[in-house]
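This report refers to the structure that appears directly beneath it.
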Amino acid sequence: MFLTREQERMLNGEYGWAVAKAMAIIVKTGEVLGASRLVEISHAHVSGVSYTNILDPGLDFVRRLFLSGGRARVYTTINPGCVDYSGLSSLIDGSFNEKQAVIDESLIRMGFKPVFTCIPYYHRPPSQGEFLAWGESSAIAVANSYYGASSNREGGPLALAAALTGYTYYAGLHIPENRVARVVVRVDPSASRNPGALGLWIGENIREIPLLKGFNPPLWDLKIMLAASAASGSHAFIAVEKITPRGFYKVDPLEKVEVEWRDLEKYIGLEPSGGSVLGYLGCPHLHPWEFHLVYEYVKRRGRLPGRNRLLLTIPLEVYERYRDKVLYLRSLGVDVAAGTCPVVSRLTRRFDHLVTNSGKAVFYLSKQLKINYYLTETRRVLEIVYA
Ligand code: F3S
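Residue numbers (the numbering used here): 644 to 1030.
Below, the structure written as structure tokens:
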């Protein structure tokens, strides 16, 4: 692989242990993937920062990088941690606050922006053609499919390494010739109604890069579909007609398929008819626009009845901006957690049913919590918790 003189010096340790370690990770990965060179990135997004995911070995690694002088060389944001940063949630377990604080302190002192969200494009929407190194599968898919910026599906350590060096390997989706849609998927209007289930279906059934036709949602529903497809499959990029910038990809179809409502039924689960319900919205985190929709609904309906609970997960900044509204929701029994989510943290209590609009949440939580689930539209989630 060709390395510039600066990159060679980084690799040889002239910028310190942390940068050398980071550069070695990038070069090694690039060599395995056949990259001929590195490229400069404009934004790194580091996932795998939750203590309940990385535990003590991960904490020690991050701490060591910081203590040995590792510093962000590009704009870098971080994914949710395992604690509720508003301190108001009674559903998110606070037992790991101290461990998470050690991780957070190291990351912040390395110069990473403490956004604690899986929608980093809310803070800095990427421009078409930018090289990114993002480490949150749902956000990566949005960067590629919606913004036409390019990121490979980096693991947490690779995104961290890119943050400390400012480079990533030139391979995969960074190369325009690799962004070719091979399967044209015509989405029936009946299937568009449930983006979470549609995403789970795509992840499980389509291996190549698909081009979706007939699916033209707002960003909020698109991110739900992309998160689900990245969870049940390995999609980092799905071309969506009329949404993905046309110059970003080519189409060379080998196959055409159609997806309709009956294909999605197996992903939807059963509507609860008794027992306690956890309604969950915010996987990926709620954008302010979605937060306000839910806020208006709850304001109209008032206090949550019975044993059901509603959990919303939002970026820390949305909590800071709309603190009054969060407090109002709390007063009506709605649990709002900032900078975290139930997949990367632990819940304080058990429920009989999970009702959500998120295919990604169903994918992980149905196994983690061993819970019945119902995957439906946002409005239906709200109606069920208020039933
Ligand atoms: Fe975000 Fe947690 Fe879902 S990190 S994408 S809310 S699993």
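Heads up, the beta-carbon is just placed ideally off N, CA and C, and yes, glycines get one too.
Roughly how many angstroms separate the alpha carbons of Asn821 and Tyr812, rounded to a whole number? What you label residue 821 is simply residue 178 of the sequence shown in a count that begins at 1. What you label residue 812 is simply residue 169 of the sequence shown in a count that begins at 1. Approximately 14 Å between the Cα atoms of the pair.
Between Ile697, Val758, Ala1030, Ala744, which has its C-alpha nearest Glu960's C-alpha? Counting from one through the sequence shown, the residue named residue 960 turns up at place 317. Ranked by Cα distance from Glu960, the first of Ile697, Val758, Ala1030, Ala744 is Val758.
Using the beta-carbon count (16 or more within 10 Å), is Phe880 buried or exposed? Translated into the one-based positions of the sequence shown, residue 880 becomes position 237. With 16 or more Cβ atoms within 10 Å of its Cβ, Phe880 is classed as buried.
Which residue's Cα is closest to the Cα of Lys942: Arg992, Leu975, Ser919? Within the sequence shown, residue 942 is the residue found at index 299, counting from 1. Cα-wise, what sits closest to Lys942 is Leu975.
Within 7 Å of the ligand F3S: residues by beta-carbon to any heavy atom: Asn722, Pro723, Cys761, Glu779, Ser781, Ala870, Gly925, Cys926, Pro927, His928, Thr956, Cys984, Val986, Val987, Ser1001, Lys1003, Ala1004, Tyr1007
Would you kindly work out how many angstroms separate the C-alpha atoms of Ser599 and Lys893, rounded to a whole number? Absent from the structure is residue 599, since the part of the chain shown begins at 644 and ends at 1030.
With Asp895 as the anchor, note down where its beta strand (DSSP E) starts and where it stops. By 1-based counting over the sequence shown, the position of residue 895 is 252. Element bounds for Asp895: 893-902.
Buried or exposed: where does Gly918 fall if 16 or more other Cβ atoms within 10 Å of its Cβ makes it buried? Your numbering for residue 918 matches position 275 in the sequence shown. Looking at its Cβ environment, which holds fewer than 16 other Cβ atoms inside 10 Å, Gly918 is exposed.
I'd like to check one pair, Ser729 with Tyr962: are the Cβ atoms closer than 9 Å? Here residue 962 is taken as the residue at index 319 of the sequence shown, counted from 1. Here residue 729 is taken as the residue at index 86 of the sequence shown, counted from 1. Yes; because the gap between Cβ atoms is below 9 Å, this pair is in contact.
Measuring only between beta-carbons, confirm whether Gly691 sits less than 9 Å from chain C. The chain labelled as chain C is not found in the depicted structure, where only one protein chain is given.
Could you give the residue range of the beta strand (DSSP E) that holds Gly922? Along the sequence shown, read from residue 1 onward, the residue named residue 922 stands at position 279. Element bounds for Gly922: 920-924.
Since Leu997 is in the beta strand (DSSP E), which residue starts that stretch and which ends it? Residue numbering aside, residue 997 sits at position 354 when the sequence shown is read from its first letter. Element bounds for Leu997: 996-999.
Which class does Ile849 belong to by DSSP, given the choice of helix, strand or coil? In the sequence shown, residue 849 corresponds to position 206, counting from 1. Correct three-state label for Ile849: coil.
Just to confirm before moving on: does the CB-CB distance between Leu955 and Leu924 stay below 9 Å? For the purposes of this step, residue 955 is identified with residue 312 of the sequence shown, where counting begins at 1. For the purposes of this step, residue 924 is identified with residue 281 of the sequence shown, where counting begins at 1. Yes, the Cβ-Cβ distance between Leu955 and Leu924 is below 9 Å.
Other residues of its chain near Leu907: CB distance less than 7 Å, five sequence neighbours each side excluded: Residue mapping note: residue 907 aligns to position 264 of the sequence shown, counting from 1. Excluding residues within five positions, the ones whose Cβ falls inside 7 Å are Ala834, Asn837, Ala840, Leu841, Trp844.
Secondary structure at His817, three-state DSSP: helix, strand or coil? Counting from 1 along the sequence shown, the entry for residue 817 is found at position 174. Helix, per DSSP.
How would you write the range of the alpha helix (DSSP H) that Asn696 sits in, first residue to last? As a working note, residue 696 is residue 53 in the sequence shown. Counting along the chain, the alpha helix (DSSP H) containing Asn696 begins and ends at 694-710.
For His766, the three-state DSSP class (helix, strand or coil): In the sequence shown, residue 766 corresponds to position 123, counting from 1. DSSP places His766 in coil when its eight states are reduced to three.
Tell me the rounded alpha-carbon separation between Asn951 and Glu933. In the sequence shown, residue 951 corresponds to position 308, counting from 1. In the sequence shown, residue 933 corresponds to position 290, counting from 1. Straight-line Cα distance between these residues: approximately 21 Å.
Distance, Cα to Cα, Thr1019 vs Tyr940? For the purposes of this step, residue 1019 is taken as residue 376 along the sequence shown, with counting starting at 1. For the purposes of this step, residue 940 is taken as residue 297 along the sequence shown, with counting starting at 1. Looking at the two C-alpha atoms, the distance is approximately 17 Å.
Please report the distance separating the alpha-carbon of Leu816 from that of Gly772. If you number the sequence shown from 1, residue 816 lands on position 173. If you number the sequence shown from 1, residue 772 lands on position 129. Their Cα atoms are separated by approximately 11 Å.
So the alpha helix (DSSP H) Thr1021 belongs to, where does it begin and stop? One-based indexing of the sequence shown puts residue 1021 at position 378. Its alpha helix (DSSP H) spans residues 1021-1028.
Would you kindly work out how many angstroms separate the C-alpha atoms of Ile684 and Gly857, rounded to a whole number? In the sequence shown, counting from the first residue as 1, residue 684 sits at position 41. In the sequence shown, counting from the first residue as 1, residue 857 sits at position 214. Taking the straight line joining both Cα atoms gives about 33 Å.
Kindly list the residues whose CB is nearer than 6 Å to the CB of Lys1003, restricted to its own chain and excluding five residues on each side of it in sequence; keep chain order. What you label residue 1003 is simply residue 360 of the sequence shown in a count that begins at 1. Result list for Lys1003: Ala870, Ala871, Ala874, Cys926, in chain order.
Counting only the same chain and skipping the five closest in sequence on each side, list residues whose C-beta sits under 6 Å from that of Ile1014. Taking the first residue of the sequence shown as 1, we reach residue 1014 at position 371. Correct list, in chain order: Leu997.
Could you tell me the boundaries of the alpha helix (DSSP H) in which Thr935 lies? The count along the sequence shown starts at 1 and reaches residue 935 at position 292. Residue identity differs from the one stated: residue 935 is His in this sequence, not Thr. Judged by DSSP secondary structure, His935 falls within the alpha helix (DSSP H) whose first and last residues are 931-944.
Ser1009 versus Ala805: straight-line alpha-carbon distance, rounded: Numbered from 1 along the sequence shown, position 366 holds the residue referred to as residue 1009. Numbered from 1 along the sequence shown, position 162 holds the residue referred to as residue 805. Each residue's Cα considered, the two are about 33 Å apart.
Local Cβ density within 10 Å of Asp736, reported as buried at 16 or more and exposed below that: As a first step, residue 736 is located in the sequence shown; it is residue number 93 there, counting from the start. Asp736 is buried by the Cβ-count criterion.
On the DSSP letters alone, give me the boundaries of the alpha helix (DSSP H) that Ile721 sits inside. Within the sequence shown, numbered from 1, the residue matching residue 721 stands at position 78. Taken as a continuous stretch (DSSP letters only), Ile721 belongs to no alpha helix (DSSP H), being part of the beta strand (DSSP E) at 718-721.
Please name the residue in Gly724, Arg966, Tyr658, Tyr1017 whose C-alpha comes closest to that of Glu914. Counting from one through the sequence shown, the residue named residue 914 turns up at place 271. Looking at the Cα atoms, Tyr1017 is the closest of the given residues.
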